[in-house]
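Visitor:
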Amino acid sequence: MVSLKFCLPDTTTSDYLRLMIIALVNSKGGVGKSTIAGNLAGWIQKQGRSVILADCDMQKSSSEWLREAAPEIELYRLENSDEILDELPSLRAQADFIICDGPGSQTEVSRALLMWADLAVIPCKASMFEARALDKNTAFVRQAQAIRNGAPNAIAVLSMVGRDYRLTKDMRAAAQALKLDLAETSVSLRQAYADAPGQGTFVWNMGYSAKEATREIEQLFAEIVPDAISDNVVSFDRKKTTAAKANS
Ligand SMILES: Nc1ncnc2c1ncn2[C@@H]1O[C@H](COP(=O)(O)OP(=O)(O)OP(=O)(O)O)[C@@H](O)[C@H]1O
Ligand SMILES: [Mg+2]
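Read left to right, the sequence shown gives residues 91 to 338 (our numbering).
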């Protein structure tokens, strides 16, 4: 009998990639979920990892953007909580990373996403309204963590940050009060982020005018998904399963 050891890549200096379902959630609308989800999927693919975008928002903004910007990325639409609970786990077998773009309202959909997610990324605008509503808009994250014994890990990301440093500080205080981790890197308010989907591309393909946006978003992704760029982390060599494919 051939030992399993000889069928697997040498992992003495490497680890296998921890397969990851990453959900972009915040029950507040217009905070940057689709912007971060689309860029994150494109960036992961650029690192040579396989990635699926599961668009869980009926607006379909991120899947329509990626269809143009990165046609090689597989797109799924999971539009209600039953589809998410039934089909999301089967996607795990098909890619290194599954990026799920959550809806702005429909808390039930976000709740379902967090039943399977390994990491919840919570974009938050740095505004006084957002700081006051952070508790309410992230309650479903804490509920999921209570049910799942602490999972998923959750990290808030300040999004559309203008020059008002004081509000950024208020957001940091609000997150700290909720014991919610906050990414060191924030996403600034920049025209390039708003323009990229309309141009069917990503900020790193937009040349000099998007240089700062590119630096910032790549720094954020390296911070929150370090496995995607680690040379010591080996992707699984997987065969496609027959998971039910949603319309793409
Ligand atoms: N960092 C940014 N700088 C400038 N514009 C941004 C930035 N992030 C997002 N936007 C713009 O703000 C709007 C809302 O962003 P986005 O669609 O990503 O939010 P969302 O949370 O997915 O919204 P919804 O809850 O409706 O799905 C879009 O027009 C987007 O282009
Ligand atoms: Mg969206």
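Virtual Cβ for every residue (Gly too), placed ideally from N, Cα, C.
How about D208 and N243: do their beta carbons lie closer than 9 Å?
Guide: Translated into positions along the sequence shown, residue 208 becomes position 118. Translated into positions along the sequence shown, residue 243 becomes position 153. Taking 9 Å as the Cβ cut-off, D208 and N243 qualify as a contacting pair.
Visitor: Which of helix, strand or coil does DSSP assign to V211?
Guide: Position 121 of the sequence shown holds residue 211. Note: V211 maps to strand in three-state DSSP.
Visitor: Using the rule of at least 16 other Cβ atoms within 10 Å of the residue's Cβ for burial, across every protein chain shown, is M110 buried or exposed?
Guide: In the sequence shown, the residue the question calls residue 110 occupies position 20. Burial call: buried.
Visitor: What are the boundary residues of the alpha helix (DSSP H) that N129 is part of?
Guide: Locating residue 129 in the sequence shown gives position 39, counting from the first residue. Note, N129: alpha helix (DSSP H), 123-136.
Visitor: Is S217 near ligand 1 - that is, is its Cβ less than 8 Å away from at least one heavy atom of it?
Guide: Working through the sequence shown from its first residue, we reach residue 217 at position 127. Checking every heavy atom of ligand 1 against the Cβ of S217, none is found closer than 8 Å.
Visitor: If you measure between the beta carbons of F311 and N129, is that distance less than 9 Å?
Guide: What you label residue 311 is simply residue 221 of the sequence shown in a count that begins at 1. What you label residue 129 is simply residue 39 of the sequence shown in a count that begins at 1. Yes; because the gap between Cβ atoms is below 9 Å, this pair is in contact.
Visitor: Reducing DSSP to helix, strand and coil, say where V199 ends up.
Guide: What you label residue 199 is simply residue 109 of the sequence shown in a count that begins at 1. In this structure, V199 counts as helix in the three-state DSSP scheme.
Visitor: Could you check whether R167 and D317 sit closer than 9 Å to each other, using their CB atoms as the reference points?
Guide: Residue numbering aside, residue 317 sits at position 227 when the sequence shown is read from its first letter. Residue numbering aside, residue 167 sits at position 77 when the sequence shown is read from its first letter. No, they are not a contact pair.
Visitor: Assuming L270 and A241 are in contact, meaning their beta carbons sit under 8 Å apart, how far apart are those beta carbons, in whole angstroms?
Guide: Counted from its first residue, the sequence shown places residue 270 at position 180. Counted from its first residue, the sequence shown places residue 241 at position 151. Not quite, the Cβ-Cβ distance comes to about 15 Å (not below 8 Å), so this is no contact.
Visitor: So is the beta-carbon of E193 under 8 Å away from any non-hydrogen atom of ligand 1?
Guide: Numbered from its first residue, the sequence shown carries residue 193 at position 103. As written in the sequence, residue 193 is Pro, which differs from the Glu given in the question. Within the cutoff, so yes.
Visitor: Thinking just about the alpha-carbon of each residue, which of I237, K301, R280, A263 is nearest to the one in T125?
Guide: Start at 1 with the first residue of the sequence shown, and residue 125 comes out as number 35. It is R280.
Visitor: Would the C-beta of S124 count as close to ligand 2, meaning under 8 Å from any of its heavy atoms?
Guide: Working through the sequence shown from its first residue, we reach residue 124 at position 34. Yes - ligand 2 has a heavy atom lying nearer than 8 Å to the Cβ of S124.
Visitor: For Q149, verify whether its CB is less than 8 Å away from any heavy atom of ligand 2.
Guide: Residue 149 sits at position 59 when you count from the first residue of the sequence shown. Yes - ligand 2 has a heavy atom lying nearer than 8 Å to the Cβ of Q149.
Visitor: Quick check on the DSSP output: the alpha helix (DSSP H) that includes R157 runs from which residue to which?
Guide: Numbered from 1 along the sequence shown, position 67 holds the residue referred to as residue 157. Where R157 is concerned, the enclosing alpha helix (DSSP H) stretches over 151-159.
Visitor: Should V211 be counted as a contact of ligand 1 given a C-beta to heavy atom distance under 8 Å?
Guide: Translated into the one-based positions of the sequence shown, residue 211 becomes position 121. Flag unset: Cβ of V211 not near ligand 1.
Visitor: Can you name, in chain order, every residue of its own chain whose Cβ lies under 6 Å from the Cβ of E164, other than the five neighbours on each side?
Guide: Taking the sequence shown and counting its residues from 1, one reaches residue 164 at position 74. Answer for E164: I142, listed in chain order.
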